[in-house]
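Take a look at the structure set out below.
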Amino acid sequence: MEKGRIRALAEELLILLTAEEEAQFGEEIAYFRAQSDLLGKIEGIDDVEPMIFPYNKETTYLREDIVDETPSREEILKNSKNAKDAFVVIPKVVKK
Amino acid sequence: MKTLGLTMHELHALYVKKVITPLDVVNEVIEALMEDKNNILEATMFDEARDTAKALASEAVEEDNVLWGIPFLIKDNFATKDIETNGSSDILNGFIPLFDAEVVARLKSAKAIPVAKTTLDELGMGGRGTTGHRGVTYNPYGEPQKRIVGGSSCGSASGVASGYVPFSIGSDTGDSIRKPASYAGLVGFKPTWGEISRYGLYAFMSSLDHVGFFTRSVIDMGVLFEATRGFDKKDFTTMNHEVKESVIPEITKSLKGHKIAVIKQIYERYKNKVLMVEFDNLLKHLEEKGAEIAFVDFDKKLLEAIFPTYLLLSCAETTTSNANLTGVNFGNKRDGDTYEDMVRNTRSAFDARIKFRFILGNYSLKRDVRHLYYNRAQKARRLIVEAMNKLFEVYDAVLLPAAPSHAPLVDAAPEPNSEIENNYLSIANLGGNPSITVPLCLSNKMPIGVNVTGKPFDDAKMLRIAYHIEQITNLYNLHVGKVK
Numbered sequence: 218m219e220k221g222r223i224r225a226l227a228e229e230l231l232i233l234l235t236a237e238e239e240a241q242f243g244e245e246i247a248y249f250r251a252q253s254d255l256l257g258k259i260e261g262i263d264d265v266e267p268m269i270f271p272y273n274k275e276t277t278y279l280r281e282d283i284v285d286e287t288p289s290r291e292e293i294l295k296n297s298k299n300a301k302d303a304f305v306v307i308p309k310v311v312k313k
Numbered sequence: 195m196k197t198l199g200l201t202m203h204e205l206h207a208l209y210v211k212k213v214i215t216p217l218d219v220v221n222e223v224i225e226a227l228m229e230d231k232n233n234i235l236e237a238t239m240f241d242e243a244r245d246t247a248k249a250l251a252s253e254a255v256e257e258d259n260v261l262w263g264i265p266f267l268i269k270d271n272f273a274t275k276d277i278e279t280n281g282s283s284d285i286l287n288g289f290i291p292l293f294d295a296e297v298v299a300r301l302k303s304a305k306a307i308p309v310a311k312t313t314l315d316e317l318g319m320g321g322r323g324t325t326g327h328r329g330v331t332y333n334p335y336g337e338p339q340k341r342i343v344g345g346s347s348c349g350s351a352s353g354v355a356s357g358y359v360p361f362s363i364g365s366d367t368g369d370s371i372r373k374p375a376s377y378a379g380l381v382g383f384k385p386t387w388g389e390i391s392r393y394g395l396y397a398f399m400s401s402l403d404h405v406g407f408f409t410r411s412v413i414d415m416g417v418l419f420e421a422t423r424g425f426d427k428k429d430f431t432t433m434n435h436e437v438k439e440s441v442i443p444e445i446t447k448s449l450k451g452h453k454i455a456v457i458k459q460i461y462e463r464y465k466n467k468v469l470m471v472e473f474d475n476l477l478k479h480l481e482e483k484g485a486e487i488a489f490v491d492f493d494k495k496l497l498e499a500i501f502p503t504y505l506l507l508s509c510a511e512t513t514t515s516n517a518n519l520t521g522v523n524f525g526n527k528r529d530g531d532t533y534e535d536m537v538r539n540t541r542s543a544f545d546a547r548i549k550f551r552f553i554l555g556n557y558s559l560k561r562d563v564r565h566l567y568y569n570r571a572q573k574a575r576r577l578i579v580e581a582m583n584k585l586f587e588v589y590d591a592v593l594l595p596a597a598p599s600h601a602p603l604v605d606a607a608p609e610p611n612s613e614i615e616n617n618y619l620s621i622a623n624l625g626g627n628p629s630i631t632v633p634l635c636l637s638n639k640m641p642i643g644v645n646v647t648g649k650p651f652d653d654a655k656m657l658r659i660a661y662h663i664e665q666i667t668n669l670y671n672l673h674v675g676k677v678k
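Read top to bottom, the protein sequences are chains A and B.
The first sequence runs 218 to 313 under this note's numbering.
The second sequence runs 195 to 678 under this note's numbering.
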């Protein structure tokens with residue numbers, strides 16, 4: 218895979234790769250493709266319906282419309298290093 | 195009185211006889227954990243555990259509740275209220291959940307006592323127990339600090355194998371309970387997907403993630419399954435079927451008429467002589483107990499497809515399930531001049547292996563190649579699951595060694611993922627099947643397990659087969675103290 222595409226894929230995920238990691242990724246993608254090729258060897262694979270869920274069983278339900286207790290704002294903000302007063306503050310997103 | 199190395203039921207019997215108190219037990223566990231040299235812990239809950247044990251002392255022992263006062267360990271990808279839970283990832287250092295994972299909450303309400311959080315491969319992604327905060331987590335068997343215990347539930351496996359506690363919580367997306375159970379001589383069970391709530395388990399790949407346990411006794415495992423299964427309104431993927439009667443009486447029933455399949459194409463690949471002699475002996479003993487054993491064929495191309503299917507699906511799903519790890523609302527933020535820089539710098543804390551998985555997952559979902567990767571993996575999943583379901587139309591379970599040999603040395607090259615015998619266990623994650631590993635034998639004083647996998651919701655039957663295997667091998671309550 219071209220380095221440009223590797224960087225683009227990483228950038229979409231907002232991940233930085235070191236030069237060493239970028240070089241190492243070549244081996245990873247080669248292995249990944251070799252493994253993936255095994256699936257192509259299965260006769261008629263492309264005619265099969267994809268499986269998203271393995272059972273024929275209903276697993277979605279409607280919840281009763283009852284108010285539940287939820288954590289307070291203060292509790293939730295405790296885990297953010299960006300919390301200030303009642304807000305999560307990040308660098309300005311709107312550019313000039 | 196020494197209580198380390200006792201099973202849940204053995205401890206319970208001593209509580210009922212009033213020979214020991216929960217505080218005696220918890221203090222002994224804490225002392226042992228503080229001396230541990232195998233790198234198993236992420237965080238401790240020692241004060242909380244002592245407080246709970248003291249509180250239990252003021253009430254009567256619950257004679258019909260085997261979990262009363264039983265100490266346990268929790269893999270650190272399960273949320274614990276007010277206790278740091280970082281999944282052994284730097285990006286979550288300092289993260290303190292506001293709630294307990296449902297499985298933890300149910301065990302606490304049954305009055306079991308959590309004592310510590312155990313380390314794991316970062317975010318549950320890894321099979322060797324070598325990529326978490328503690329570096330290598332060692333297997334207590336063999337020469338000290340020489341062998342892996344397997345991953346990703348490495349700390350939970352090592353702790354129970356050392357005899358510190360009678361059980362621990364683990365999670366299993368590919369084989370993360372059942373493979374370490376083999377290397378550590380434990381009973382390792384992942385029940386049917388949807389039987390135990392995943393609420394509070396950090397998602398790796400939600401459609402393959404299972405909650406499960408390590409114990410040293412199959413009956414103990416039955417108690418844990420019973421105490422934690424069932425619908426949870428906080429996890430709408432839990433099954434809302436009527437919970438049947440207790441599984442415990444089901445476990446000890448006869449094996450007569452049970453049909454057990456051994457997949458020829460996997461069986462033929464094992465080379466460890468001790469393992470194969472013991473496995474063949476086991477088959478004979480199971481037949482003597484009334485089980486019917488058959489060697490069956492399985493399409494080799496589908497067996498070869500198990501690992502790539504798991505790899506492709508897990509990379510793709512984990513890319514999205516971990517997209518919330520940005521350091522913005524929670525987590526170990528690193529500064530940056532812009533929003534993007536801040537998130538980039540924060541996410542650079544991931545180990546290279548995690549980054550690669552995310553990038554491969556992102557790639558496999560791209561429109562121009564999706565048909566070759568992610569979509570094909572979903573199609574292969576159907577073929578594999580349907581082939582297994584076809585087997586289960588005739589047979590109650592598939593029985594095979596859980597690993598090709600005992601635990602590898604830390605310095606040995608990792609076992610190739612492409613080896614079917616090393617990776618077939620994830621077949622049960624693809625199908626959501628109940629799957630249990632139980633000790634089979636010792637090779638050079640190191641354990642190797644055998645695995646039983648069945649059709650979804652046949653959990654009690656898997657426990658029953660495992661129980662009879664335990665009776666045959668006589669490796670009930672195996673721990674390192676018994677072997678040294």
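Glycine included, C-beta positions come from ideal geometry on N, C-alpha and C.
{"query": "CA-CA distance, B/D270 and B/T313?", "result": "6 Å"}
{"query": "Just the chain B side, please: which residues come within less than 7 Å of A/R290 by C-beta, in chain order?", "result": "Per Cβ cutoff of 7 Å: no residues; A/R290 is ~12 Å from chain B at best."}
{"query": "Curious, which full-length alpha helix (DSSP H) runs of at least 4 residues does the stretch 346-378 of chain B contain?", "result": "348-355, 372-378"}
{"query": "Could you give the DSSP three-state label for B/Y661: helix, strand or coil?", "result": "helix"}
{"query": "Going along chain A in order, which residues have a C-beta closer than 8 Å to the C-beta of B/L554?", "result": "E245, I246, F249"}
{"query": "Below 8 Å between beta carbons: does that hold for B/R575 and B/T512?", "result": "no"}
{"query": "So, are the CB atoms of B/N518 and B/R528 less than 8 Å apart?", "result": "no"}
{"query": "Would B/I659 be called buried (16 or more neighbouring beta carbons within 10 Å of its own) or exposed?", "result": "buried"}
{"query": "Compute the Euclidean distance between the alpha carbons of B/P443 and B/G416, then round it to the nearest angstrom.", "result": "10 Å"}
{"query": "Do we get a CB-CB distance below 8 Å when we pair B/I290 with the residues of chain A?", "result": "yes"}
{"query": "Using a 10 Å radius around the Cβ and a threshold of 16 neighbouring Cβ atoms, would you call B/I454 buried or exposed?", "result": "buried"}
{"query": "If I measure Cβ to Cβ from B/G349 and keep anything under 6 Å in the same chain, skipping five residues before and after, which residues do I get?", "result": "I234, T312, T313, T331"}
{"query": "Using CA coordinates, which residue listed in B/L636, B/P628, B/L261, B/S629 is at the minimum distance from B/S599?", "result": "B/L636"}
{"query": "Assuming the contact rule is C-beta atoms closer than 8 Å, A/F242 and A/I223 should be a hit. Round their C-beta distance to whole Å, please.", "result": "6 Å"}
{"query": "Quick check: the Cα distance between B/V471 and A/E219, rounded to an integer number of angstroms?", "result": "50 Å"}
{"query": "Taking all protein chains shown into account, decide if B/A499 is buried (16 or more other Cβ within 10 angstroms of its Cβ) or exposed.", "result": "buried"}
{"query": "Whose Cβ in chain A lies nearer than 8 Å to the Cβ of B/K311?", "result": "In chain order: nothing, as chain A lies at least about 17 Å away."}
{"query": "Nearest-angstrom Cα distance between B/T279 and A/D282?", "result": "31 Å"}
{"query": "Note down, in chain order, each residue of its chain lying with its Cβ closer than 6 Å to the Cβ of B/H452, except the 5 sequence neighbours on either side.", "result": "A485, D590"}
{"query": "Name the residues in the stretch 297-309 of chain A whose C-beta lies less than 7 Å from a C-beta of chain B; which are they?", "result": "S297, K298, N299, V305, I307, P308"}
{"query": "Terminal residues of the continuous beta strand (DSSP E) containing B/F383?", "result": "381-384"}
{"query": "What did DSSP end up calling A/R250 once you bin it into helix, strand or coil?", "result": "helix"}
{"query": "Identify, in the order they occur along the chain, each residue of the same chain with its Cβ nearer than 8 Å to the Cβ of B/S400, setting aside the five sequence neighbours on each side.", "result": "R392, T431, E511, S515"}
{"query": "Span of the alpha helix (DSSP H) holding A/P267?", "result": "Segment: none, A/P267 is in no alpha helix (DSSP H) and carries neither H nor E."}
{"query": "Quick one: which residues of the stretch 529-548 of chain B get their C-beta closer than 8 Å to a C-beta of chain A? List them in chain order.", "result": "G530, D531, T532, Y533, E534, D535, M536, V537, R538, N539, R541, S542, F544, A546"}
{"query": "Using the three-state DSSP reduction, which class does A/A300 fall into: helix, strand or coil?", "result": "strand"}
{"query": "I want to verify the contact list: residues of chain C whose CB lies under 7 Å from the CB of B/P650, in sequence order.", "result": "In summary, chain C is missing from the structure at hand, where the protein chains are A and B."}
{"query": "Please compile the residues from chain A whose C-beta is within a distance smaller than 9 Å of the C-beta of B/L624.", "result": "M268, P271"}
{"query": "Could you give the distance in angstroms between the alpha-carbon of B/V592 and the alpha-carbon of B/R410?", "result": "22 Å"}
{"query": "Can you tell me whether B/V522 is helix, strand or coil according to DSSP?", "result": "coil"}
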